[in-house]
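Novice:
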Amino acid sequence: MPSYTVTVATGSQWFAGTDDYVYLSLEGTAGCSERHLLDKPFYNDFERGAVDSYDVTVEEDLGEIQLIKIEKRKYWYHDDWYLKYITVKTPLGDYLDFPCYRWITDEKEIVLRDGRAKLSRDDKTQILKQHRRKELEDRQKMYRWKEWHPGFPLSIDAHCHSELPRDIQFDNEKGVDFILNYSKAMENLYINRFMHMFQSSWSDFADFEKIFVRISNTISEYVMQHWKEDFMFGYQFLNGCNPVLIRKCTEIPKKLPVTTAMVECSLERNLTLEEEVKQGNIFIVDYELLDGVDANKTDPCTIQYLAAPICLLYKNLENKILPIAIQLGQKPGPGNPIFLPSDATYDWLLAKIWVRSSDFHIHQTVTHLLRTHLVSEVFSIAMFRQLPAVHPLFKLLVPHMRFTIAINTKAREQLICECGLFDKANATGGGGHVQMVQKAMKDLTYSSLCFPEEIKAKGMDSQKDIPYYYYRDDGIKVWEAIKSFAEDVIGIYYESDEVVCEDAELQAFVKDIYVYGMRGVKASGFPKMIKTREKLAEYLTVVIFTTSAQHAAVNFGQYDWCSWIPNAPPTMRCPPPTEKGTVTIEQIVESLPDRGRSCWHLGAVWALSQFQDNELFLGMYPDEHFVEKPVKEAMAKFRKNLDEIVSAITERNKNKKLPYYYLSPDRIPNSVAV
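Under the UniProt record's numbering, the residue at position 63 of the sequence shown is numbered 63, and the numbers go up by one with no gaps.
1) Using beta carbons (cut-off 7 Å, strictly below), is VAL258 in contact with chain B?
2) When the Cα of PRO576 is compared with those of ASP347, ILE324, GLU34 and MET224, which residue comes out closest?
3) By the 10 Å Cβ neighbour count, where 16 or more other Cβ atoms means buried, how is TRP81 classified, buried or exposed?
4) Out of TRP14, SER664 and PHE626, which one is the CA nearest neighbour of PHE98?
5) Less than 7 Å between the beta carbons of PHE46 and THR5, yes or no?
6) If you reduce the DSSP assignment to three classes, tell me which class PHE283 lands in.
7) Give the DSSP-derived three-state secondary structure of TRP561 in the structure shown.
8) So for TRP76, helix, strand or coil by DSSP?
9) Between LEU290 and HIS361, how many whole angstroms is the CB-CB distance? I'm expecting something under 8 Å.
10) So the candidates are ASP204, GLY329 and ASP423; which of them puts its Cα closest to the Cα of GLN304?
11) As a quick exercise: from ARG269, SER342, LYS352 and GLU275, pick the residue whose alpha carbon is nearest that of PRO309.
12) State the beta-bridge partners of TRP103 as determined by DSSP.
13) Along the alpha helix (DSSP H) that carries GLN236, what are the first and last residues, could you check?
14) Using DSSP with H/G/I as helix, E/B as strand and the rest coil, what is GLY325?
15) Could you pull the start and end residues of the alpha helix (DSSP H) that ALA9 belongs to?
16) Using only CA atoms, which one of ALA325, ASN296 and HIS226 lies nearest to CYS265?
17) Please determine if the region 497-516 and the region 378-395 are in contact, where contact requires at least 3 C-beta pairs separated by less than 8 Å.
18) Just curious, the beta strand (DSSP E) that GLY431 is in, first and last residue?
19) Return the bridge partner residues of VAL111 from the DSSP annotation.
20) Using beta-carbon positions only, say whether GLN327 and LEU256 come within less than 7 Å of one another.
21) Short check: CB of PHE283 to CB of CYS241, under 7 Å?
22) Look at the Cβ atom of residue 761, then the Cβ atom of ILE104, and state whether they are nearer than 7 Å.
23) Name the residue from ASP39, GLY491, ALA344 and LYS654 whose alpha carbon lies nearest to the alpha carbon of TYR75.
24) I'd like to confirm the pairing. Which residues does DSSP put opposite ARG247 in its beta bridges?
25) Please confirm whether LEU536 and VAL500 have their CB atoms less than 7 Å apart.
26) May I ask you to report which of helix, strand or coil DSSP gives ASN555?
27) Let me make sure I understand the geometry here. Which of THR409, LEU393, LEU26 and ALA440 has the alpha-carbon closest to that of TYR494?
28) Do you know how far the Cα of VAL521 is from the Cα of PHE152?
29) Let me know the secondary structure DSSP gives HIS625 once reduced to three states.
30) Could you pull the start and end residues of the beta strand (DSSP E) that VAL22 belongs to?
31) PHE403 to PHE545, Cα distance in whole Å?
32) Report the rounded CA-to-CA distance for GLU586 versus PRO337, giving the unit in angstroms.
33) Taking the beta strand (DSSP E) that LYS315 falls in, what are its first and last residues?
34) Please report the residue range of the alpha helix (DSSP H) in which VAL510 lies.
35) By Cβ distance, which residues of its chain are closer than 7 Å to SER481, with the 5 residues on each side in sequence left out?
36) By Cβ distance, which residues of its chain are closer than 7 Å to GLN140, with the 5 residues on each side in sequence left out?
Below, the structure is given as structure tokens:
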């Protein structure tokens with residue numbers, strides 16, 4: 001009688017094994033096997049990290065094995081089991097891989113197909129078509145869209161982490177408990193004695209050192225030492241943790257009535273301001289989005305303030321970007337002076353602090369939350385709803401969706417919810433952050449997520465004109481490496497543009513993102529369908545780059561750049577100055593966050609800057625969803641390209657006081673998971 005050898009691999013996560021009854025049956029083109037009991041309680045099979053083998057004997061040859069059914073039946077208590085994969089050795093000696101990488105919960109059964117990626121047009125038998133259809137029907141019941149706030153991209157329909165499908169939950173929920181992590185961070189930083197000291201001001205700038213963890217030769221220490229300097233202020237627009245706002249100024253806006261006479265002492269080329277603009281030496285950052293946003297009112301004992309500044313910057317003869325004019329409000333007038341480097345020291349310093357605070361708010365809520373976290377969640381939900389596990393694009397994208405829905409759900413549960421942790425220290429807490437996302441949606445366009453396109457649209461693409469923009473340089477390299485990988489995978493499964501057009505599952509994925517993510521707004525520029533292989537490669541690059549590189553660039557530098565509180569104040573406790581010549585050091589310290597808010601801010605930026613345990617970085621694919629040799633070769637080529645980028649970045653950073661490494665592929669996690 002024919003015999004099949006079945007090898008079953010259990011995951012290595014905590015509690016991945018099971019003591020339940022486990023049954024297996026095989027379904028082939030020529031027939032089905034009976035249900036075979038593989039494991040029963042106390043047989044010590046299917047333990048965490050185990051690989052177990054069994055012989056399954058059948059009456060007659062089953063033909064080509066198409067499906068494997070695994071059933072788990074409860075022995076004593078609910079015992080979830082993480083099944084990595086099953087390998088079947090046929091009577092002819094052939095090996096078939098059946099990837100799973102899922103949790104089997106309660107008394108459930110799952111049906112697996114072999115690991116070869118297939119488009120729907122490749123399924124010829126009714127049983128495979130039916131399996132494909134049922135998988136999507138089941139997933140669409142589990143992964144439902146829900147509006148968290150009006151105007152937001154839709155998110156997952158779950159109130160808390162425990163309501164999520166088991167497959168997308170964190171392995172250890174405690175590890176991502178924001179309250180626990182922030183408190184632990186404050187304890188590790190030895191600042192927890194200050195965490196309840198709200199309304200208690202610091203004495204002076206040096207007093208902030210009581211909560212600053214001095215780590216020698218790091219960016220954070222360099223920031224602490226040089227934060228007052230105009231060079232450090234300008235440099236952060238290029239390579240800080242929010243390097244996405246600066247743009248070349250093509251015309252001085254009417255709402256910023258700055259003249260050559262005002263800034264003459266800052267200009268080094270003996271040109272007028274207008275001539276400097278024409279030569280491409282003037283840059284601008286405008287925080288207009290903050291205009292009209294309500295400041296945090298959750299603590300009646302502390303009035304908090306926001307501003308919507310406009311900052312003009314100048315490229316000097318050394319190619320350094322320096323601030324030359326700051327207006328703290330959007331409407332010019334006597335009560336809204338333009339601050340200049342030639343003003344009194346504290347006038348100019350406080351103006352720069354207000355810009356840094358405004359930059360922090362835009363970074364947290366727009367650059368980070370909306371444009372990486374919420375957008376990546378849209379990609380994730382659409383993928384689970386519309387792409388079956390056998391689809392090549394599911395296999396390509398699933399590593400880049402790991403834990404994204406989970407971290408966002410946890411954030412809505414504890415961090416950015418009403419009375420959440422975000423309200424404790426941030427001037428945009430208490431609802432301001434919601435208003436900001438709603439306003440920022442109009443600028444969330446497809447082209448703005450295409451990295452090279454967005455850099456060019458801001459006039460920041462020339463390495464010759466702007467030589468020290470490492471965010472741009474490294475981002476372009478990583479973008480091209482991802483795009484090349486996407487093109488290689490597309491070339492394996494889509495032999496023509498026609499195949500792309502006819503892939504109904506791909507088109508449903510794209511449509512879900514447009515309709516539910518972008519709320520069907522035509523002006524977003526998100527495609528409703530993909531018609532060519534070239535466009536598909538770009539689209540997949542947008543998805544993978546956003547979920548990996550873009551998030552890394554704007555997330556993991558938060559402790560470096562924001563741990564010295566005066567460089568990134570999360571709130572301001574006095575209104576912006578309305579006249580020059582009155583600012584004192586005491587007024588500045590009084591404006592900055594109090595001791596309690598400073599501590600919660602520091603705990604937050606520390607916790608958010610840490611990698612996950614067992615982090616998987618770009619190009620690392622330990623879960624073998626793909627089994628075909630051509631794709632594995634494409635992955636090896638991708639890793640080689642990424643290694644070359646790592647080497648180039650490492651070489652460039654040698655002996656730099658301010659190294660830029662956030663877009664080094666060995667520091668880019670595959671997905672948004674923190």
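C-beta atoms are modelled at their ideal positions from N, C-alpha and C, and glycine is treated no differently.
Specialist: Inspection of the coordinates gives the following:
1) The structure shown has no chain B; it contains just one protein chain.
2) Indexing the sequence shown from 1 puts residue 576 at position 576. Closest by alpha carbon: ASP347.
3) Against the sequence shown, residue 81 aligns to sequence position 81. So TRP81 ends up on the buried side.
4) Start at 1 with the first residue of the sequence shown, and residue 98 comes out as number 98. It is PHE626 whose Cα lies nearest to the Cα of PHE98.
5) In the sequence shown, residue 46 corresponds to position 46, counting from 1. In the sequence shown, residue 5 corresponds to position 5, counting from 1. Not in contact: PHE46 and THR5 (Cβ atoms no closer than 7 Å).
6) If you number the sequence shown from 1, residue 283 lands on position 283. Strand at PHE283.
7) What you label residue 561 is simply residue 561 of the sequence shown in a count that begins at 1. Three-state DSSP puts TRP561 in a helix.
8) For the purposes of this step, residue 76 is taken as the residue at position 76 of the sequence shown. TRP76: coil per DSSP, three-state reduction.
9) Start at 1 with the first residue of the sequence shown, and residue 290 comes out as number 290. Start at 1 with the first residue of the sequence shown, and residue 361 comes out as number 361. Going by Cβ atoms, the distance from LEU290 to HIS361 rounds to 6 Å, so yes, they are a contact pair.
10) Counted from its first residue, the sequence shown places residue 304 at position 304. For the residues ASP204, GLY329 and ASP423, the minimum Cα distance to GLN304 belongs to ASP423.
11) For the purposes of this step, residue 309 is taken as the residue at position 309 of the sequence shown. Nearest option by C-alpha distance: LYS352.
12) Counting from one through the sequence shown, the residue named residue 103 turns up at place 103. Bridge partners of TRP103: TYR82.
13) Position 236 of the sequence shown holds residue 236. Unbroken alpha helix (DSSP H) run through GLN236: 230-239.
14) Position 325 of the sequence shown, counted from the first residue, corresponds to residue 325. In the sequence as displayed, the identity of residue 325 is Ala instead of Gly. Strand at ALA325.
15) Here residue 9 corresponds to residue number 9 of the sequence shown, with the count starting at 1. That residue, ALA9, is in no alpha helix (DSSP H); its beta strand (DSSP E) goes 3-10.
16) Looking up residue 265 in the sequence shown gives position 265. Closest option to CYS265, Cα to Cα, is ALA325.
17) yes
18) Translated into the one-based positions of the sequence shown, residue 431 becomes position 431. No beta strand (DSSP E) contains GLY431, which DSSP labels as neither H nor E.
19) Working through the sequence shown from its first residue, we reach residue 111 at position 111. Looking at the DSSP assignment, VAL111 forms a beta bridge with LYS69.
20) Looking up residue 327 in the sequence shown gives position 327. Looking up residue 256 in the sequence shown gives position 256. Their beta carbons are under 7 Å apart, which means GLN327 touches LEU256 by this criterion.
21) On the sequence shown, residue 283 is found 283 positions in, with the first residue counted as 1. On the sequence shown, residue 241 is found 241 positions in, with the first residue counted as 1. No, they are not a contact pair.
22) The structure shown has nothing for residue 761, since the chain only spans 1 to 674.
23) Position 75 of the sequence shown holds residue 75. Among ASP39, GLY491, ALA344 and LYS654, the Cα nearest to that of TYR75 belongs to ASP39.
24) Residue 247 sits at position 247 when you count from the first residue of the sequence shown. Per DSSP, ILE284.
25) Reading the sequence shown from its first residue, position 536 is the one you call residue 536. Reading the sequence shown from its first residue, position 500 is the one you call residue 500. Yes, the pair counts as a contact, with Cβ atoms nearer than the cut-off.
26) For the purposes of this step, residue 555 is identified with residue 555 of the sequence shown, where counting begins at 1. If DSSP states are grouped into helix, strand and coil, ASN555 belongs with the helices.
27) For the purposes of this step, residue 494 is taken as the residue at position 494 of the sequence shown. Nearest C-alpha to TYR494: LEU393.
28) Position 152 of the sequence shown holds residue 152. Position 521 of the sequence shown holds residue 521. Cα to Cα, PHE152 sits roughly 12 Å from VAL521.
29) What you label residue 625 is simply residue 625 of the sequence shown in a count that begins at 1. Coil.
30) Against the sequence shown, residue 22 aligns to sequence position 22. Note, VAL22: beta strand (DSSP E), 21-28.
31) Taking the sequence shown and counting its residues from 1, the one referred to as residue 403 is at position 403. Taking the sequence shown and counting its residues from 1, the one referred to as residue 545 is at position 545. The straight-line gap separating the alpha-carbon atoms of PHE403 and PHE545 is approximately 16 Å.
32) Taking the sequence shown and counting its residues from 1, the one referred to as residue 586 is at position 586. Taking the sequence shown and counting its residues from 1, the one referred to as residue 337 is at position 337. Distance between the alpha carbons of GLU586 and PRO337: 21 Å.
33) Sequence index remark: in the sequence shown, residue 315 carries index 315 (1-based). Start and end: 310-315.
34) Looking up residue 510 in the sequence shown gives position 510. 504-512 is the extent of the alpha helix (DSSP H) around VAL510.
35) In the sequence shown, residue 481 corresponds to position 481, counting from 1. The question names Ser, but residue 481 in the sequence shown is Ala. Once the five neighbours on either side are set aside, the close Cβ partners of ALA481 are PHE638, ASN641, LEU642 and ILE645.
36) Residue mapping note: residue 140 aligns to position 140 of the sequence shown, counting from 1. Correct list, in chain order: ARG385.
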